[in-house]
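K.L.:
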Amino acid sequence: MEAVAIDLGGKLPIHALVTKKGIMFSMSQVSVEVFGENPAAFGKELRRLRYPRMRTLDTVTLMRLAQLGIPPESANVTGATLLPPTSFLRILDDRRRMDLIPKVRAAMLKMITKEVTDLIIRGQFETALPIAMDAVQKAQALYWPREPLRMVPCYLLAVKVNLGLNRPVQSEDLLGVGSWLLLQDKSNEAKDDLRSEISQLFGRLSMLNKLTGPSLKAYAEEIYYKAREFGIYDVRTSIAFYNISRVFRNEKQLYHALAFWDVVIHSWRVALEELIMGVKPTRELPWGKKEFEGKNSKHLIPKEAIATLQMPEVCDMLQEICKFRSDELGRDDVAVGEACYVTGLGFCYANKKMLALEHLQRASEIMQQPNSLELKDFIDKAIEILLQPPPQPVLNSSPASPSSPASV
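Structure, rendered in structure tokens:
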């Protein structure tokens, strides 16, 4: 059971629990950590004032409360009392703790947006739609007009859901508001990542409306903002290059599509070779100049960059490039072998060993030509790493002391 800690300024944070009935708070924890009262006396007060609450005997919920160190309400009473967010917020309001209400609402909004993101990843757009629109309303109530920038991500999530449902009119309306809110913010906060996301969504919307020119313009802007934030050859920027390549391929402008696929494959080859094979990149362009690394050098850490992306979607993208290159250049072209090699590394990083081996072996078959022997060595090394047996756990033969975890 997921539990999100919310710091309300007490000795310990309180926890919002994601239950089958929705987000809930432990009455016992609220009474102790927020109001410093005895849970039994606090419970009587709630019953007297008839605040909505829920009694649970669910074993999973009770175990999770115990894991979080939440005290029981009474030694003589089994189960736990849970408070829905509406009750918790009403209690804070009635007890004049207005300073805590925005913190609770912000934490709940964060949980809702995470739920929408998970539903989008699973393709459950119908389920996500009402939750996404609820997040937009909550963001309006919480942040307008003081912090318009913090409203933008909620609008963009709602746009993604509507695009997933092929609703261009609603998508355009929400995207327009999100863009306007970004313009209203006059702070010095970094905005290029948000600008790139807005550009990407405009590109998707234009493709949905079959508008080639606007989609190319939007995806070009996405590349610009992503590169300015993360660098040209960062894996996050590679997604923008891939987006624009699809437009060129649809328009049969294959020369441009191939050029952008080259950038995508190069970006992922450098990142995955460093992570899987320990190959340190030179970060140098062919003409000797150091590549532009974005605004912050820490963005270059491949593991952190890849953690922001969905590896199943990345592997699908790399597989598509393999197919596209094969269709346009011939199935035994060296560029196809390189794409298969990088796709194999991607599956290896995603722990899909059978698919990784399949693509690496295909790359090895292609790379038999004299001008590709250097890459062939890398492929053979990758296959060797993939086939290595997993490290065996080291067993401690000495008897465990009474205080060690093994004795518990």
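Each number in this note's numbering comes from the position in the sequence shown (counting from 1) with 14 added on.
Just so you know, even glycine gets a beta-carbon here, dropped at the ideal spot from N, CA and C.
(1) Assuming residue 192 contacts residue 166 (C-beta within less than 8 Å), just tell me the rounded distance between them.
(2) Check whether the Cβ of residue 264 sits closer than 7 Å to any heavy atom of the ligand ADP, and report yes or no.
(3) Give the DSSP bridge partners of residue 69, in chain order.
(4) DSSP has residue 38 in a bridge; who is on the other side?
(5) Let's see if you can read the secondary structure: which residues bound the alpha helix (DSSP H) around residue 191?
(6) Counting pairs of Cβ atoms below 8 Å between the stretch 279–287 and the stretch 348–362, do you hit three or more?
(7) I'd like the list of long-range same chain contacts for residue 26, defined as Cβ closer than 6 Å, with 5 residues on each side in sequence excluded.
(8) Where DSSP assigns a beta bridge to residue 20, which residues make up the other side?
(9) At which residues does the alpha helix (DSSP H) containing residue 375 begin and terminate?
(10) Would you say residue 169 and residue 197 are within 8 Å of each other, going by their C-beta atoms?
(11) Work out the CA separation of residue 236 and residue 243 for me, nearest whole Å.
(12) Is the beta carbon of residue 322 closer than 8 Å to that of residue 250?
(13) Just to confirm my understanding: we take residue 74, look at its own chain, exclude 5 residues before and 5 after, and list those with CB closer than 8 Å. What are they?
(14) Given that a residue counts as buried once 16 or more other Cβ atoms are within 10 Å of its Cβ, and exposed if not, what is residue 317?
(15) Of the choices 377, 381 and 371, whose alpha-carbon is the least far from that of residue 399?
(16) Given a threshold of 16 other Cβ atoms within 10 Å of its Cβ, counted over all protein chains shown, does residue 58 qualify as buried or as exposed?
(17) Rounded to whole angstroms, what's the CA-CA distance from residue 290 to residue 396? Just pull it up for me.
(18) So, helix, strand or coil for residue 127, using DSSP?
(19) Is residue 250 helix, strand or coil by DSSP?
(20) Could you tell me the alpha carbon to alpha carbon distance between residue 180 and residue 222, rounded to whole angstroms?
(21) Let me confirm a value: residue 240 is counted as buried when at least 16 other C-beta atoms fall within 10 Å, else exposed. Which label applies?
(22) Using beta-carbon positions only, say whether residue 214 and residue 254 come within less than 8 Å of one another.
(23) My understanding is that residue 116 touches residue 37, with C-beta atoms under 8 Å, so please give their C-beta distance in whole angstroms.
(24) In three-state DSSP terms, what is residue 404?
(25) For the candidate residues 129, 163 and 135, whose alpha-carbon lies nearest to that of residue 430?
(26) Between the C-alpha atoms of residue 365 and residue 340, what's the straight-line distance to the nearest angstrom?
(27) Locate the alpha helix (DSSP H) running through residue 178, then write down its first and last residues.
(28) Following the continuous alpha helix (DSSP H) through residue 275, name the residue where it begins and the one where it ends.
(29) Flag this pair as yes or no: are the beta carbons of residue 31 and residue 78 separated by less than 8 Å?
(30) For residue 126, which residues of its own chain have a beta-carbon under 8 Å away from its beta-carbon, when the five flanking residues on both sides are left out?
(31) According to DSSP, simplified to helix, strand and coil, what is residue 302?
(32) What's the C-alpha gap between residue 40 and residue 374?
(33) The alpha helix (DSSP H) that contains residue 49, what's its start and end?
(34) How long is the line joining the alpha carbons of residue 83 and residue 42, rounded to whole angstroms?
P.N.:
Concretely, from the data shown:
(1) Taking the first residue of the sequence shown as 1, we reach residue 192 at position 178. Taking the first residue of the sequence shown as 1, we reach residue 166 at position 152. Confirmed, about 5 Å.
(2) Ligands are entirely absent from the displayed structure, and the ligand ADP is therefore not among its contents.
(3) In the sequence shown, counting from the first residue as 1, residue 69 sits at position 55. Partner(s): 95.
(4) By one-based count along the sequence shown, residue 38 stands at place 24. Paired residue(s): 31.
(5) Taking the sequence shown and counting its residues from 1, the one referred to as residue 191 is at position 177. Looking at the DSSP string, the run of the alpha helix (DSSP H) that includes residue 191 is 182–198.
(6) Touching, per the Cβ criterion.
(7) Here the question's residue 26 lines up with position 12 in the sequence shown. So the list reads 47, once near-sequence residues are dropped.
(8) If you number the sequence shown from 1, residue 20 lands on position 6. In the DSSP output, where bridge partners are listed per residue, residue 20 has 28.
(9) Taking the first residue of the sequence shown as 1, we reach residue 375 at position 361. 367–380 is the extent of the alpha helix (DSSP H) around residue 375.
(10) What you label residue 169 is simply residue 155 of the sequence shown in a count that begins at 1. What you label residue 197 is simply residue 183 of the sequence shown in a count that begins at 1. Not closer than 8 Å, so no.
(11) Reading the sequence shown from its first residue, position 229 is the one you call residue 243. Reading the sequence shown from its first residue, position 222 is the one you call residue 236. Take the alpha-carbon of residue 243 and the one of residue 236: they are about 11 Å apart.
(12) Numbered from its first residue, the sequence shown carries residue 250 at position 236. Numbered from its first residue, the sequence shown carries residue 322 at position 308. Yes.
(13) Here residue 74 refers to the residue found at position 60 when the sequence shown is read from its first residue. Once the five neighbours on either side are set aside, the close Cβ partners of residue 74 are 15.
(14) By one-based count along the sequence shown, residue 317 stands at place 303. Taking a 10 Å sphere around the C-beta of residue 317, we find fewer than 16 other C-beta atoms and assign the residue as exposed.
(15) In the sequence shown, residue 399 corresponds to position 385, counting from 1. Among 377, 381 and 371, the Cα nearest to that of residue 399 belongs to 371.
(16) As a first step, residue 58 is located in the sequence shown; it is residue number 44 there, counting from the start. Classified as exposed, residue 58 has fewer than 16 neighbouring CB atoms from the shown chains inside 10 Å of its CB.
(17) Here residue 290 is taken as the residue at index 276 of the sequence shown, counted from 1. Here residue 396 is taken as the residue at index 382 of the sequence shown, counted from 1. The C-alpha of residue 290 lies about 8 Å from the C-alpha of residue 396.
(18) Position 113 of the sequence shown holds residue 127. Here residue 127 sits in helix by DSSP.
(19) As a first step, residue 250 is located in the sequence shown; it is residue number 236 there, counting from the start. The answer is helix: DSSP assigns residue 250 an H, G or I state.
(20) Position 166 of the sequence shown, counted from the start, is the residue given in the question as residue 180. Position 208 of the sequence shown, counted from the start, is the residue given in the question as residue 222. Computed Cα separation, rounded: 8 Å.
(21) Mapped onto the sequence shown, residue 240 falls at position 226. Within 10 angstroms of the beta-carbon of residue 240 lie 16 or more other beta-carbons, which makes it buried.
(22) Along the sequence shown, one-based indexing puts residue 214 at 200. Along the sequence shown, one-based indexing puts residue 254 at 240. For residue 214 and residue 254, yes; Cβs fall inside 8 Å.
(23) The sequence position of residue 116 within the sequence shown is 102, counting from 1. The sequence position of residue 37 within the sequence shown is 23, counting from 1. Contact between residue 116 and residue 37 does not hold, since the beta-carbon distance rounds to 16 Å and is not under 8 Å.
(24) Translated into positions along the sequence shown, residue 404 becomes position 390. Residue 404 carries a coil assignment under DSSP once its states are collapsed to helix, strand and coil.
(25) Because the chain spans 15 through 422 in this model, residue 430 falls outside it and cannot be assessed.
(26) The sequence position of residue 365 within the sequence shown is 351, counting from 1. The sequence position of residue 340 within the sequence shown is 326, counting from 1. Residue 365 and residue 340: Cα-Cα distance of roughly 25 Å.
(27) Counting from one through the sequence shown, the residue named residue 178 turns up at place 164. Residues 166–178.
(28) Residue mapping note: residue 275 aligns to position 261 of the sequence shown, counting from 1. Counted as a single uninterrupted DSSP element, the alpha helix (DSSP H) harbouring residue 275 occupies residues 268–291.
(29) Your numbering for residue 31 matches position 17 in the sequence shown. Your numbering for residue 78 matches position 64 in the sequence shown. Cβ atoms of residue 31 and residue 78: closer than 8 Å.
(30) Along the sequence shown, one-based indexing puts residue 126 at 112. Excluding residues within five positions, the ones whose Cβ falls inside 8 Å are 145, 148, 149 and 152.
(31) Indexing the sequence shown from 1 puts residue 302 at position 288. With a pLDDT of only 48 at residue 302, under the threshold of 50, the placement of this residue in the model should not be trusted, and no figure is reported.
(32) Counted from its first residue, the sequence shown places residue 40 at position 26. Counted from its first residue, the sequence shown places residue 374 at position 360. Using only the alpha carbons, I get a separation of about 52 Å.
(33) Taking the first residue of the sequence shown as position 1, residue 49 is located at position 35. In the DSSP assignment, residue 49 falls outside any alpha helix (DSSP H), carrying neither H nor E.
(34) Along the sequence shown, read from residue 1 onward, the residue named residue 83 stands at position 69. Along the sequence shown, read from residue 1 onward, the residue named residue 42 stands at position 28. Rounded to the nearest whole angstrom, the CA to CA distance from residue 83 to residue 42 is 11 Å.
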